[in-house]
Ligand code: IPD
Ligand code: CA
Ligand code: CA
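This is how it looks when you write it as structure tokens:
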């Protein structure tokens, strides 16, 4: 697959930041036993990766704005283009030495996501998509799974945690979905969860209370792999509401019936 110039610059920046993140991940296990613990170290690793992404993307596309998880909004001179960046999606996993985390970078043009890259450096799985041009993992074309019936489906989700989200509502949703499906999984990196729906590993996914940087690139991956994506009210307003529900057309319809009021 010949990658566009845009995807090439995104991939180069992501791979550079990933080298730094991977080096630091190798250190985390040693730090587990230290007194101070690895939390400060991990937030430094996170900020370092973000600084690399910011520097690389600004160098190749001067003027584009940024929405960065750690540094917030940085206005560009170009009013149309914004990079949406999560330098480390799956921080809790990273901190615990669990190799399920990713760098997620999306490009928003006006109010549309036009390109997305999600990279898991430990599995060396590079997911890319460009609007209208399909989604790929390591140059292989992605298609969402074709399973139609929920009893055959493995569904991903995000579980609210300490001080975050509506725990009672989630418990109800979980109970509703677990009665109908082959299994529910919580992997802890929303960008990869969406990439896994795009690749067909997961048949569907739902989560609330996400931020734009958790999902911007992943939403495009799912759509470009032929999936259906809405927020938890069935609308195309995922970035504003922070909620997402997706799968192939049938799975999306069946999950919507269970979860959308
Ligand atoms: C988190 C992950 C996780 C999701 C959380 C996010 P972070 O991002 O995507 O899967 O459930 O809501 O905050 O904090 O690791 O970048
Ligand atoms: Ca995140
Ligand atoms: Ca993060």
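Residue numbers (the working numbering): 2 to 262.
Beta carbons: idealized from backbone N, C-alpha and C, even for Gly.
These figures come from a predicted structure and were not determined experimentally.
Residue i Cβ short of 8 Å to ligand 3 heavy atom set
| i | result |
| --- | --- |
| residue 207 | no |
| residue 126 | no |
| residue 23 | no |
| residue 47 | yes |
| residue 250 | no |
| residue 70 | yes |
| residue 147 | no |
Start and end residues, beta strand (DSSP E) containing residue i
| i | result |
| --- | --- |
| residue 117 | 113-121 |
| residue 126 | 126-131 |
| residue 86 | 82-90 |
| residue 105 | 103-110 |
| residue 68 | 66-69 |
Endpoints, the alpha helix (DSSP H) within which residue i is located
| i | result |
| --- | --- |
| residue 138 | Where residue 138 is concerned, there is no enclosing alpha helix (DSSP H), although the beta strand (DSSP E) it sits in stretches over 136-138. |
| residue 19 | 6-32 |
| residue 55 | 40-61 |
| residue 260 | 250-260 |
Residue i, DSSP secondary structure in three states
| i | result |
| --- | --- |
| residue 208 | strand |
| residue 238 | coil |
| residue 230 | strand |
| residue 148 | coil |
| residue 98 | coil |
| residue 223 | helix |
| residue 170 | helix |
beta-carbon residue i near ligand 1 non-hydrogen atom, thresh 8 Å
| i | result |
| --- | --- |
| residue 257 | no |
| residue 73 | no |
| residue 159 | yes |
| residue 79 | no |
| residue 14 | no |
| residue 83 | no |
| residue 165 | yes |
Closer than 9 Å to chain C by CB, residue i
| i | result |
| --- | --- |
| residue 247 | Note that chain C does not occur in the displayed structure, where there is just one protein chain. |
(Q) Using a strict less-than 5 Å threshold between each residue's beta carbon and the heavy atoms of ligand 2, what residues do you get? (A) Having a Cβ closer than 5 Å to some heavy atom of ligand 2 are 87, 90 and 215.
Q) Pairing CB atoms from the segment 122-136 with CB atoms from the segment 74-87, are three or more of them under 8 Å? A) Counting Cβ pairs under 8 Å, fewer than three are found: no touch.
(Q) Would you call the segment 96-105 in contact with the segment 26-33, where contact means no fewer than 3 C-beta pairs closer than 8 Å? (A) Below 8 Å, enough C-beta pairs join the segment 96-105 and the segment 26-33 to call them touching: three or more.
Q) Quick one: any contact between the segment 244-260 and the segment 217-236, if contact means 3 or more CB pairs under 8 Å? A) Yes: at least three Cβ pairs fall under 8 Å.
Q. Can you find at least 3 beta carbon pairs, one from the segment 130-142 and one from the segment 177-185, that sit closer than 8 Å?
A. Note that the segment 130-142 does not touch the segment 177-185; fewer than 3 beta-carbon pairs, one per stretch, sit closer than 8 Å.
Q) Using 8 Å as the Cβ pair cut-off and three pairs as the minimum, do the segment 2-17 and the segment 102-117 touch? A) They touch, by the three-pair rule.
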